[in-house]
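Right, one structure below, let's go through it.
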Amino acid sequence: MARVRTDRRSSAAIVATASPSTPSPQPAKPARPRLVGVVGLGRMGRAFAENLGAAGYPIIVWDASQAQIDAVVRPGIIAAANLADLADCDVVITSLPDDDALASVATGPQGLLDMLATGAIHISMSTVSPPLSRHLAAAHAARSQNYVSAPILGNPDMAHTGDVFILAAGPHAAIDSVRPLLEVLGQRLFVIGEEAAAANLMKLAANVLTALTMQGVAEVLALLRKGGIDHRIGFDILTNSLFDSRVHRTYGGKIANERYCPPGMPAPLAVKDLRLALAEAERHSAPMPAASLVHDRLVAMVAHGWTNLDWSALGLLAAQDAGLPDIIPAESGTAAPTTEQAAIHTDKTSALSVTPIDHVYPPSTTGKRSTDAGKASMLATPLAELTHNGSDPSRLISPTSRSR
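The sequence shown lines up with residues 6 to 409 when you count with my numbering.
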């Protein structure tokens, strides 16, 4: 069970302090929802459901995979047989992989627009396009319902511990109503405005910056390795001097330690996010040449078949481009190399040498790099399963997809 912290940093605006003799009136505490629905039980959605259940919220969950539902259900968290069972929810949180999945759950036959009562609040915590958010906000408003866009900054591990950052946009009254709920899920809530699409644009911009940072770390660590410097030592120097940001440490750390599995965000979803960001850049006539380059690098990862690797495997791609001896993890979705294969690399004196694959990597202090071909049985998530075009909500969430 995920822990629920009580030391949340307040997201309320800072106001002038009244004098001791005239205390400020306290705003009315929002009523706790009678029932909260969570749709999409990937690593993010499951963390949301578990944290809210641990905080005492009554939760009902739905996912196309019965196994995903069974893993979450416990006292205080019940299972829905279908989306229609969410009709009594005051609040429904969706955590889905892409535009098609969210649109179908919301607007498809017996979707949320048809099921939710007047005044209910739909909180979308998915990374989707701003145009879809505008459409759903208008559609919910036409039915006297509320739509709040609340994507997060962080990874599934941070969601599990309640340490993500939440970007919220939508009707102020609706956000105020669900503020206590959102503060259970993250360490800080940023309210951007009343236009739901603003939160999605902010999320896409943050993902672009994260991808650009990872690409920079990937190239620099490849350079250090080619120059004969232990890349882990180099990374330690960088992150303990001028480059001490969360992104450098968290995502750059995956590159330095070559930990690309399990994926916090699989490469195909990262391709989707960069594509959505570039579409917004075109819409607003804001050229993003560096983002375009990193988008192509992520596409190259998918072309290599690395659909089950984290997007930080940009480091693996940079290492390969530099001619460095890298082993593709067995969990990547591509076939693991055989022990007869050799890795060709250039040492510090530029002398060409051939080293058996099994001996390229010394034991890591942060985790083992396995070359056991038996572990290659973990299959990649097919790209087609991450894009849903049907209108039947029961087909939307692949058992192997990772909702965000």
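We put the beta carbon where it would ideally sit given N, CA and C, even for glycine.
Which value, in whole angstroms, describes the spacing of the CA atoms of R8 and R48? Working through the sequence shown from its first residue, we reach residue 8 at position 3. Working through the sequence shown from its first residue, we reach residue 48 at position 43. Low per-residue confidence applies at R8: pLDDT is 42, beneath 50, and the placement is therefore not dependable, though the value from the model is reported in the following sentence. The straight-line gap from Cα to Cα measures roughly 15 Å.
Work out the CA separation of L283 and S290 for me, nearest whole Å. Here residue 290 is taken as the residue at index 285 of the sequence shown, counted from 1. Here residue 283 is taken as the residue at index 278 of the sequence shown, counted from 1. Roughly 10 Å between the two C-alpha positions.
Is it buried or exposed for I238, if we count other Cβ within 10 angstroms and need 16 for buried? Within the sequence shown, residue 238 is the residue found at index 233, counting from 1. Its Cβ having fewer than 16 others within 10 Å, I238 is exposed.
With a cut-off of 8 Å, does the C-beta of M219 fall near any C-beta of chain D? Absence of chain D from the displayed structure is noted, only one protein chain being present.
At the level of alpha carbons, what is the spacing between L229 and D326? Taking the first residue of the sequence shown as position 1, residue 229 is located at position 224. Taking the first residue of the sequence shown as position 1, residue 326 is located at position 321. Spanning the two alpha carbons is a distance of roughly 14 Å.
First and last residue of the uninterrupted beta strand (DSSP E) at N56: As a first step, residue 56 is located in the sequence shown; it is residue number 51 there, counting from the start. That residue, N56, is in no beta strand (DSSP E); its alpha helix (DSSP H) goes R48 to A59.
Count the other CB atoms within 10 Å of the CB of I74; is the residue buried (16 or more) or exposed (fewer)? Stepping through the sequence shown from its first residue, residue 74 is reached at position 69. The residue in question, I74, is buried, as its Cβ has 16 or more Cβ neighbours within 10 Å.
Along the chain, where does the beta strand (DSSP E) containing G191 start, and where does it finish? As a working mapping, residue 191 is identified with position 186 in the sequence shown. Element bounds for G191: G191 to G198.
With a threshold of 8 Å, are at least 3 pairs of Cβ atoms found where one atom belongs to the segment 131-141 and the other to the segment 94-107? yes
Using 8 Å as the threshold, is the C-beta distance between A89 and M120 below it? Position 84 of the sequence shown, counted from the start, is the residue given in the question as residue 89. Position 115 of the sequence shown, counted from the start, is the residue given in the question as residue 120. Yes, they are a contact pair.
Going by CA-CA distance only, name the one from L329, G167, S250 and A202 that's closest to E188. Here residue 188 refers to the residue found at position 183 of the sequence shown. With distances taken between Cα atoms, E188 lies closest to G167.
In three-state DSSP terms, what is S436? In the structure as shown, the chain begins at 6 and stops at 409. Residue 436 is therefore absent and cannot be evaluated.
Could you give the first and the last residue of the continuous beta strand (DSSP E) run that contains I83? Taking the first residue of the sequence shown as 1, we reach residue 83 at position 78. Here the beta strand (DSSP E) through I83 covers I82 to A84.
Three-way DSSP call (helix, strand, coil) for H140 in this model: Counting from one through the sequence shown, the residue named residue 140 turns up at place 135. Reduced to three states, the DSSP call for H140 is helix.
In angstroms, rounded to a whole number, what distance separates the CA positions of V276 and T255? Stepping through the sequence shown from its first residue, residue 276 is reached at position 271. Stepping through the sequence shown from its first residue, residue 255 is reached at position 250. Approximately 20 Å, taken between the alpha carbons.
Same chain only: Cβ atoms within 8 Å of L214, ignoring 5 sequence neighbours per side: The residue given as residue 214 occupies position 209 in the sequence shown. For L214, where only same-chain residues beyond five positions count, the Cβ hits under 8 Å are V252.
Just to confirm my understanding: we take P30, look at its own chain, exclude 5 residues before and 5 after, and list those with CB closer than 7 Å. What are they? Along the sequence shown, read from residue 1 onward, the residue named residue 30 stands at position 25. With a pLDDT of only 44 at P30, under 50, the local geometry of the prediction cannot be trusted, and the value read off the model is given with reservation. The answer is none, since no qualifying residue turns up.
What did DSSP end up calling H127 once you bin it into helix, strand or coil? Here residue 127 is taken as the residue at index 122 of the sequence shown, counted from 1. Three-state DSSP puts H127 in a strand.
Given a cut-off of 8 Å on the beta-carbon distance, is the pair I65 and L91 in contact? Position 60 of the sequence shown, counting from 1, holds the residue named residue 65. Position 86 of the sequence shown, counting from 1, holds the residue named residue 91. It is a contact, given that the beta carbons lie within the stated cut-off.
Sequence-distant residues of the same chain with beta carbon closer than 7 Å to P161, five excluded per side: Indexing the sequence shown from 1 puts residue 161 at position 156. Closer than 7 Å at Cβ, skipping near neighbours: R48, M49, A52 and G269.
Which partner residues does V276 have in the DSSP bridge list? For the purposes of this step, residue 276 is taken as residue 271 along the sequence shown, with counting starting at 1. V276 pairs with nothing; no bridge assigned.
Buried or exposed: A72, going by 16 or more other Cβ atoms within 10 Å of its Cβ? Against the sequence shown, residue 72 aligns to sequence position 67. With fewer than 16 other Cβ atoms within 10 Å, it is exposed.
Using 8 Å for Cβ pairs, my map puts A296 next to L279. What's the rounded Cβ distance? By 1-based counting over the sequence shown, the position of residue 296 is 291. By 1-based counting over the sequence shown, the position of residue 279 is 274. Between L279 and A296 the Cβ distance is about 6 Å, and since that is below 8 Å, they are a contact.
CA-to-CA distance, I126 to G58, given in whole angstroms: The count along the sequence shown starts at 1 and reaches residue 58 at position 53. The count along the sequence shown starts at 1 and reaches residue 126 at position 121. Roughly 18 Å separates the two Cα atoms.
How many Å lie between A146 and S317 at the Cα? Along the sequence shown, one-based indexing puts residue 146 at 141. Along the sequence shown, one-based indexing puts residue 317 at 312. Rounded to whole angstroms, A146 to S317 spans 39 Å at the Cα level.
Name the DSSP bridge partner or partners of F170? In the sequence shown, counting from the first residue as 1, residue 170 sits at position 165. In DSSP, F170 forms a bridge with L158 and R193.
On the three-state DSSP scale, how would you describe P292? In the sequence shown, the residue the question calls residue 292 occupies position 287. Correct three-state label for P292: coil.
Return helix, strand or coil for T99, following the three-state DSSP convention. Stepping through the sequence shown from its first residue, residue 99 is reached at position 94. The answer is strand: DSSP assigns T99 an E or B state.
Assuming A323 and E224 are in contact, meaning their beta carbons sit under 8 Å apart, how far apart are those beta carbons, in whole angstroms? Position 318 of the sequence shown, counted from the start, is the residue given in the question as residue 323. Position 219 of the sequence shown, counted from the start, is the residue given in the question as residue 224. Contact flag correct, Cβ pair sits at about 5 Å.
Roughly how many angstroms separate the alpha carbons of L298 and L217, rounded to a whole number? Taking the first residue of the sequence shown as 1, we reach residue 298 at position 293. Taking the first residue of the sequence shown as 1, we reach residue 217 at position 212. Cα-Cα distance, rounded: 9 Å.
Leaving out the 5 sequence neighbours to the left and right, which residues in its chain are closer than 6 Å to A286 when beta-carbon positions are compared? Working through the sequence shown from its first residue, we reach residue 286 at position 281. Excluding residues within five positions, the ones whose Cβ falls inside 6 Å are M293.
For G320, report the span of its alpha helix (DSSP H) as first-last. Here the question's residue 320 lines up with position 315 in the sequence shown. Segment L319 to D326, the alpha helix (DSSP H) holding G320.
Which value, in whole angstroms, describes the spacing of the CA atoms of R193 and N212? Locating residue 193 in the sequence shown gives position 188, counting from the first residue. Locating residue 212 in the sequence shown gives position 207, counting from the first residue. Going by the C-alpha atoms only, they are around 18 Å apart.
Quick check on H78: does DSSP put it in helix, strand or coil? Along the sequence shown, one-based indexing puts residue 78 at 73. Per the sequence shown, the amino acid found at residue 78 is Val instead of His. Looking at V78 - three-state DSSP - the assignment turns out to be coil, as it is neither helix nor strand.
Which of helix, strand or coil does DSSP assign to G45? Numbered from 1 along the sequence shown, position 40 holds the residue referred to as residue 45. G45 falls in the coil class under three-state DSSP.
Using 8 Å as the threshold, is the C-beta distance between V222 and I180 below it? Your numbering for residue 222 matches position 217 in the sequence shown. Your numbering for residue 180 matches position 175 in the sequence shown. No; because the gap between Cβ atoms is not below 8 Å, this pair is not in contact.
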